[in-house]
Each structure stands twice: as C-alpha cells, then as structure tokens.
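Undergrad: One structure, as structure tokens, below. Some questions next.
There are 2 protein chains.
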Amino acid sequence: MPQPLRDSPSAHLGDRLEDVETPSLIIDLDAFEKNLSTMASFARAAGVRLRPHAKTHKCVEVAKRQIALGAVGQCVQKVGEAEVLVNGGVADVLVSNQIVGDRKLDRLMVLASRAKIGLCFDDASQIKAASDAACRAGVTIDGLVEIETGMQRCGVAPGEAASLLAKQIANSPGLRFAGIQAYQGKAQHFRTPTERKAAIDVAVQAIRKTLDALDAAGLKSESITGAGTGTFHLEATSGVYSELQAGSYAFMDADYAANQQADGRPSEFAHSLFILSTVMSIAGDGWCVVDAGLKSFSGESGMPLVHHRPGLTVVGLSDEHSRIDLAPGTPKPRLGEKLLLIPGHCDPTINLHDHYVCIRNGIVEALWPIEARGASR
Amino acid sequence: MPQPLRDSPSAHLGDRLEDVETPSLIIDLDAFEKNLSTMASFARAAGVRLRPHAKTHKCVEVAKRQIALGAVGQCVQKVGEAEVLVNGGVADVLVSNQIVGDRKLDRLMVLASRAKIGLCFDDASQIKAASDAACRAGVTIDGLVEIETGMQRCGVAPGEAASLLAKQIANSPGLRFAGIQAYQGKAQHFRTPTERKAAIDVAVQAIRKTLDALDAAGLKSESITGAGTGTFHLEATSGVYSELQAGSYAFMDADYAANQQADGRPSEFAHSLFILSTVMSIAGDGWCVVDAGLKSFSGESGMPLVHHRPGLTVVGLSDEHSRIDLAPGTPKPRLGEKLLLIPGHCDPTINLHDHYVCIRNGIVEALWPIEARGASR
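Top line first, the protein sequences correspond to chains C and A.
Residue numbering for the first sequence follows my numbering, beginning at 36 and increasing consecutively.
Residue numbering for the second sequence follows my numbering, beginning at 36 and increasing consecutively.
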C-alpha cells in the first residue's frame with residue numbers, strides 16, 4: 036500500500052481526470068506500465084541488469100514496481116533519496132555519485148545494516164572518509180570507481196588513475212571493490228544517433244582502458260554501470276556495460292521525445308507523465324493562459340508540449356502561468372478547460388510535486404506520494 | 036515564533052555557516068533586513084502603498100516582517116498561498132491573478148471571513164463565478180480588473196472593455212470594485228533602463244485610458260496596483276500607480292543583478308539569498324563540481340553566480356550537480372569546501388526548499404519554514 040500523502044490530495048480515487056484539481060502531476064498508468072515492462076524485457080533480452088534511477092521518480096511505489104519486473108535495485112544521487120528507498124523496503128541501492136561529508140556518510144552507513152549499499156568515488160580522500168564511516172558503523176558497502184567518460188563532470192581519468200583508486204577501495208576496511216561507474220550524461224541529450232553513438236564509443240574506450248589497468252592490478256569489476264534513456268541500446272550492446280541506470284524511460288519528456296523525432300523512428304516508450312492545467316485566461320487575442328508555470332514544471336530544458344492538441348504551442352513561462360499560442364484557425368480553448376502538458380524535463384519537474392495522480396481510462400486509480408521530493412541532502 | 040519545519044532541518048541554531056548541511060537555502064539576515072527597510076522607506080517617501088509579493092518568499096515570517104515595516108498586506112498568485120498567509124495571521128491578501136474553478140473560489144471565500152481578500156478578473160464568466168461563490172459563503176471580497184499592459188499574458192484590453200468588467204464587478208453581489216491590476220512582468224527583465232521605461236510608459240497609458248473609461252462610467256479606482264523589483268521606481272513616480280507588488284527585492288537574484296549591471300549603477304538591494312553547496316568532485320582538469328543542481332535552484336533564467344569567488348564560473352547544471360570552471364590561475368577549491376551560489380531566479384528556487392537557514396555574522400540565527408512551498412493550487 037502506498038504511504039499517506041504529505042500534502043492535500045488534488046484528487047480522490049474514482050474522480051474523473053477533468054475533475055482533478057490543477058496544477059497536478061499525472062501518470063497515465065497504461066502507458067507507464069507498458070514503459071516499465073518494455074525496458075524490463077529489453078534488459079532481460081540483452082543480458083544486462085537494470086537498476087533504474089530513482090532520482091527521476093523519487094517514489095517507493097515506482098521503485099517496487101520496477102523491481103517486481105526484474106530490476107536488481109535502484110540508483111540514487113543523494114543519501115536522502117537512499118533513506119527514503121531503504122525505509123520503503125528497497126534492498127539494493129547504488130549511490131551513483133560522490134558523497135562528501137562525514138555526517139552524510141554516517142547516515143548512509145546506517146542504511147547498510149538493512150540494505151546492500153553502493154557508493155562511487157573519484158578521489159582518494161573520499162575513499163578514506165567512507166572507509167572510516169563504514170568502520171564506525173561496523174558495516175561494509177560496495178565501492179565503485181567513477182571514470183570520466185567524456186561527460187566532463189565527475190569521474191577520475193580512465194586507466195591507471197582509476198586503477199589506483201580501485202586498489203585503494205579494495206584495500207580499505209568497510210569497502211568492497213565492486214566495479215566501474217561510467218555514465219555519459221551529455222550523450223543522453225545529443226539530438227542525432229550519430230552523435231550519441233560517437234559519445235558512447237568514447238565511454239566504452241574509457242572503460243576498456245580502465246579494465247586493462249584493473250586486470251594488470253589483479254582486480255575484477257563485478258559491475259560496469261551507466262547508461263540513460265537516450266543511449267541505453269548502445270551501452271547494452273557495447274560488450275562492456277553490465278548494468279543500465281536509465282530512469283526517464285518510465286515517463287519520457289519533451290527533451291527525450293525530441294531525440295526520437297530526430298531519429299525518425301517511433302519511440303518504444305510513450306509519454307506517461309503530464310501536468311494537468313486549467314485555462315485561466317482567454318482575454319488575449321490569439322493565445323490563452325493556463326495555471327501551471329515554473330512552479331509546476333522545470334523550464335531549463337525548453338517549453339512543455341500540449342498533449343494531443345495540435346495548434347496549441349506553449350511560448351511563455353512565468354512562475355504560475357504558461358502562455359499558449361493558437362495556430363491560425365485553431366479554436367481557442369474554453370475558460371476552465373483542462374489541458375495536459377508534457378514537461379520538458381521529467382526529473383526536476385517531479386521534484387516539484389508531493390504526489391502523483393495515477394489515471395487509467397480517465398479515472399483516478401491511485402495517489403502515490405513522492406516521498407523523496409526535495410531529498411537533495 | 037516561526038512554525039515547526041516540515042522537513043529535517045539542515046542546521047541547528049548556533050551552527051556556523053560552514054557546518055550547515057548542503058544543499059541549503061540561506062538568508063543573510065543583515066542584507067535581507069536592509070533590503071526590506073530600503074523598500075519600505077522608498078514606498079513611504081514616494082507616497083505609494085507597498086504590498087510585497089509572497090509568491091517570491093512563500094513564508095509567513097517574511098510576510099510579517101514586511102508588514103511590520105509598513106506593507107499594507109501581501110500579494111499571492113494562488114489560493115493555496117493565500118491559505119498559508121491567512122492561517123499565519125496576515126490580514127490583507129490580494130490574489131493578483133485569475134482564479135478559475137468553483138472549488139478554488141469556495142476555498143478563497145472561506146478566507147474572506149478572516150481577512151480582507153482581493154481577486155483579479157479579466158473575463159465576465161469569472162466575475163459571475165466569484166460572485167456566486169462569495170454569496171454562497173456570505174462574504175464580500177474586493178474585485179480588480181486586470182488590464183493588458185503590453186505584457187501579453189492575462190488581462191483584458193484597457194479602456195472600454197476593462198470598464199465593462201468593472202461595472203459588472205460593481206454590480207455583482209459579494210464583490211466590491213476596488214481598482215486596476217496592471218503588472219508589466221516582461222519589463223522586469225529588460226536589460227536597459229530605456230527599454231524598461233518605454234514598457235512602463237505603455238502600461239501607464241493603458242491605465243490612463245482605463246481610468247478615463249471608468250470616470251465616464253462613474254467608477255472610482257481605489258487601487259492601481261502592479262510593479263516589480265526591476266521597475267518599481269517607474270511605477271511609483273508615474274502619477275497613476277498607488278501600490279507596488281515587488282517581491283524579489285527582499286533577496287535579489289542573478290537576473291535582477293544583471294539589470295543593475297547594465298544600468299551601471301550600484302543596486303539599492305544586496306544579494307541576501309544563496310544556495311550553500313559543497314565541492315564534491317575535484318577530479319576534473321580545470322573545473323570542480325558542487326552538490327547542488329536543478330533540484331536546488333531553477334535553471335531557466337541562467338546559471339547561478341558563485342558569491343565572492345572571482346575566477347569561479349558555473350557552466351553546467353545537472354539535477355544534483357553544478358560544474359564550476361576555474362579561470363586560469365585560480366586555485367581549485369578543496370574537496371568538501373562550501374560555496375555560496377546566487378540563484379538565477381529567486382522565486383522558483385525558493386519553491387524547491389522547505390526551510391530557510393538564516394545567518395548573521397556567519398552563525399545560524401533562525402530556521403524559517405517555507406510554508407507555501409508547492410502551494411500552486
């Protein structure tokens with residue numbers, strides 16, 4: 036059973052979609068469930084593990100459904116997210132990120148007595164601090180070396196430098212060397228398949244170079260983990276990745292949809308995530324305004340799309356308004372009409388909301404709390 | 036006394052700034068208090084009312100401090116924000132926006148038995164719905180006509196069309212015609228003083244045209260309300276505006292700071308709002324990475340600035356990371372070092388957090404809950 040909501044519900048079970056209070060974060064359950072099983076089937080067929088990223092959904096119920104379909108566990112970016120998942124019963128959580136600070140490390144180690152915990156490293160002093168924290172707590176966690184894949188964010192240089200950190204992990208009490216974190220985040224958003232393929236090829240070379248150095252040091256990588264919704268086919272068939280960390284596939288968003296459009300092929304994933312909004316002003320000549328803006332979806336990845344309403348284009352975002360322009364000949368929506376918006380970027384959009392309103396056949400079937408909303412510490 | 040927090044505190048009273056858990060939303064109390072009194076003094080000297088916008092701060096404690104310095108009340112965009120303020124003891128709240136939907140109107144009318152409530156209109160059917168809701172609740176609220184100022188968002192055409200709606204308000208039971216809402220939001224972000232002046236001149240002409248039509252109809256506008264942090268000098272000295280709705284002045288952000296820079300004059304307001312972040316990766320050659328990203332500040336108005344650290348420039352944002360590049364010769368920050376970021380846009384940034392950590396002389400003096408975080412319905 037999902038937990039109680041921490042905010043006032045915007046709907047009741049059995050409500051019709053058009054009666055849900057706005058703005059609300061909507062899941063189309065049929066599309067969502069199909070997305071989950073499509074990715075689960077893909078990973079099974081490709082012979083790679085699936086460890087979906089909970090930074091996208093931030094919800095225990097979603098994590099449990101992914102795991103029920105075969106996912107080995109979940110990824111998170113922050114200790115606060117790991118706390119939510121482990122408290123919710125998730126048994127295997129990888130922090131696909133560096134954690135700096137003794138208090139955070141101590142909180143993470145508390146979880147390691149109840150769940151399998153992994154953590155990524157790109158610095159010798161981080162390894163020392165985590166080992167000390169694990170020893171204080173009397174636990175052992177998995178340690179992965181994060182390598183620079185071409186993304187130019189976190190990650191140590193592939194090859195010898197990575198191997199040195201791996202050796203340090205293997206020799207540190209409370210840590211067990213478990214493999215390589217190799218996520219190429221920029222590649223997820225490259226528009227053409229050629230650019231994405233070139234970027235993942237670079238990441239694969241970085242992994243191979245690191246594996247050679249680890250071989251020479253006598254270290255075995257149980258897990259080579261990475262990949263996202265924009266590139267997972269490439270990592271899965273690379274011959275080196277053993278685990279996929281995609282998250283957005285559950286929902287899709289306007290940014291990922293633009294990749295598919297550039298590819299000229301239909302996506303295997305459908306839009307399942309929407310912001311339900313209400314038309315609140317029709318005074319303008321050639322546009323209308325809805326009651327959802329930058330406090331209901333993030334705006335840094337471009338404008339949301341209006342779902343299944345050709346001729347309506349979001350052109351301006353304010354805190355609590357979106358202006359929607361009408362193509363010539365398009366009838367103006369009624370005042371009070373509800374419109375579904377497809378957010379530009381699903382992860383920071385979901386982080387604005389306290390619950391999902393889950394819809395099937397136009398009826399509210401469930402309300403799921405987003406327990407890790409705001410859990411960035 | 037501030038209310039209890041609804042999340043785990045990221046600090047305790049008496050902590051040093053450098054010991055606050057990250058990411059956290061920080062207020063520099065000296066700068067914040069000076070900003071509040073500067074604007075209060077300005078409004079008093081200019082002979083206009085100040086009604087700061089609570090969509091910026093979303094916090095009862097901030098509202099009360101603004102009112103203690105002479106503000107007549109608060110503006111909000113949503114009924115949920117009004118509920119928080121009235122429940123917190125604010126006696127005068129203007130919804131500077133349209134509210135569509137009977138359930139929302141009924142919630143708003145409940146507040147009108149405990150506080151003075153105002154609401155804006157740009158459509159005859161909205162006026163009818165609000166009048167009906169006020170009659171159901173047995174209350175009377177103020178009704179303002181929102182006019183199109185050149186912003187091209189909400190608002191009816193100035194002049195005769197606005198006057199018709201004003202007459203309808205004046206003749207509707209449960210509503211009292213109170214004046215004109217005339218906010219030019221786009222002008223707040225124009226970079227040059229010339230552009231801002233031209234935009235507010237257009238808004239002033241729209242108001243004058245509307246006042247003429249109202250005069251002819253025998254209607255008096257008690258309040259002409261609008262203005263923001265980017266233009267309030269212009270509205271205050273326009274001869275028509277009687278009330279300022281600025282909100283960001285309490286905090287400032289990188290976007291408003293860019294206006295000041297373009298003006299070539301020092302701002303009367305200081306940056307008082309920051310995201311405290313921790314350097315979590317120094318593996319990169321020429322950059323470091325901090326643990327705050329799109330889930331700690333909004334990214335649609337550009338990159339945050341690194342406070343008082345010349346040579347450090349934020350160049351890339353992810354959900355939970357910001358990449359900071361180092362100018363040639365700039366020493367790389369230490370792993371674990373704390374950096375203060377000035378957000379690009381304060382309003383949607385504050386909406387990501389559950390509490391402010393308030394600092395004076397480097398010590399945590401207070402924790403204020405952001406009660407209206409997420410109150411977009």
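Using N, Cα and C, we set each Cβ at its ideal position, and we do this for glycine too.
#1: L401/C bridges to which residues according to DSSP?
#2: In this structure, how does DSSP classify K213/A when only helix, strand and coil are distinguished?
#3: Can you find the residues in the same chain that come closer than 7 angstroms, C-beta to C-beta, to Q161/A, ignoring five residues on each side of it along the sequence?
#4: By the three-class DSSP mapping on this structure, what secondary structure does E68/C have?
#5: Let me know the beta strand (DSSP E) ranges lying completely inside the segment 188-269 of chain C, each 3 residues or longer, listed in chain order.
#6: Nearest chain A C-beta to K367/C closer than 8 angstroms, yes or no?
#7: When the Cα atoms are used, what is the spatial distance from G282/C to H92/C?
#8: Which of the residues in the segment 308-321 of chain A, read from start to end, lie with their CB under 8 angstroms from any CB of chain C?
#9: Put H342/C into one of helix, strand or coil per three-state DSSP.
#10: Is the CB of K232/C under 8 angstroms away from at least one CB in chain A?
#11: Does E183/A have its Cβ less than 8 angstroms from a Cβ in chain C?
#12: What residues in the segment 118-138 of chain A bring their beta carbon closer than 8 angstroms to a beta carbon of chain C?
#13: Identify, in the order they occur along the chain, each residue of the same chain with its Cβ nearer than 7 angstroms to the Cβ of L104/A, setting aside the five sequence neighbours on each side.
#14: Using a beta-carbon distance cut-off of less than 7 angstroms, what residues from the segment 36-56 of chain C approach chain A?
#15: Starting from Q112/A, trace the alpha helix (DSSP H) in both directions and tell me its first and last residue.
#16: Listing by chain order, which chain A residues have their CB less than 7 angstroms from the CB of S411/C?
#17: Thinking just about the alpha-carbon of each residue, which of R412/A, E406/A, F304/A is nearest to the one in V119/A?
#18: Confirm, please, whether the CB-CB distance from R51/C to I398/C is below 8 angstroms.
#19: Could you give the uninterrupted runs of the alpha helix (DSSP H) lying entirely in the segment 332-390 of chain C, keeping only those of 4 residues or more?
#20: Give me the chain A residues within the contact set of N386/C, using Cβ-Cβ distance strictly less than 9 angstroms, ordered along the chain.
#21: By the DSSP assignment, the alpha helix (DSSP H) with M439/A in it spans what residues?
#22: Of all the CB atoms in chain A, is at least one closer than 8 angstroms to the CB of R190/C?
#23: Leaving out five residues on either side along the sequence, give the residues of the same chain with a beta carbon under 7 angstroms from the beta carbon of R149/C.
#24: So, does the segment 305-322 of chain C touch the segment 364-383 of chain C, judging by three or more C-beta pairs under 8 angstroms?
#25: From this set, H88/A, D389/A, G173/A, T175/A, which residue's C-alpha is nearest A117/A's C-alpha?
#26: When you compare only the Cα positions, how much space is there between A327/C and R358/C?
#27: Under 9 angstroms between beta-carbons, which chain C residues line up against V324/A? List them in chain order, please.
#28: So V237/C and G185/C are in contact, right, with Cβ under 8 angstroms, and what is the actual spacing, rounded?
#29: Using a Cβ-Cβ cut-off of less than 8 angstroms, give me the residues of the segment 215-228 of chain A that come near chain C, in sequence order.
#30: Please decide whether G371/C counts as near chain A, where near means a Cβ-Cβ distance under 8 angstroms.
#31: Curious, which full-length beta strand (DSSP E) runs of at least 3 residues does the segment 70-128 of chain A contain?
#32: Are there three or more Cβ pairs, one per stretch, closer than 8 angstroms when the segment 193-210 of chain C is compared with the segment 239-254 of chain C?
#33: Taking one C-beta from the segment 222-235 of chain C and one from the segment 158-175 of chain C each time, how about it: are there three or more such pairs within less than 8 angstroms?
#34: In chain C, which residues lie less than 7 angstroms from P193/A when you measure between Cβ atoms?
#35: Does any CB atom of chain C fall closer than 8 angstroms to the CB of R86/A?
#36: Do Q441/C and I235/C have their C-beta atoms closer together than 8 angstroms?
TA: Let me lay it out:
#1: Reading off the sequence, residue 401/C comes out as Ala, not Leu. DSSP output for A401/C lists C393/C as bridge partner(s).
#2: With the sequence shown as reference, residue 213/A is identified as Ala, and Lys is not the correct amino acid for it. Looking at A213/A - three-state DSSP - the assignment turns out to be strand.
#3: Q133, V135
#4: helix
#5: 210-216, 258-261
#6: no
#7: 8 angstroms
#8: T313, V314, M315, S316, I317, A318, G319
#9: coil
#10: no
#11: yes
#12: N132, Q133, I134, V135, G136, R138
#13: L71, S72, A75
#14: D42, S45, E56
#15: Run containing Q112/A: none; DSSP gives neither H nor E here.
#16: P58, K330, S331, E355
#17: E406/A
#18: yes
#19: 381-385
#20: L329, K330, D354, L387
#21: Residue 439/A is absent from the structure shown; chain A starts at 36 and stops at 412.
#22: Residue identity check: residue 190/C is Gly in the sequence provided, not Arg. It does: the Cβ of G190/C has a partner Cβ on chain A nearer than 8 angstroms.
#23: V121
#24: yes
#25: H88/A
#26: 10 angstroms
#27: Q133, R188, C189
#28: 4 angstroms
#29: G220
#30: yes
#31: 109-111
#32: yes
#33: no
#34: Per Cβ cutoff of 7 angstroms: no residues; P193/A is ~11 angstroms from chain C at best.
#35: no
#36: What the structure shows of chain C is the stretch from 36 to 412, and residue 441/C is not part of that stretch, so it cannot be assessed.
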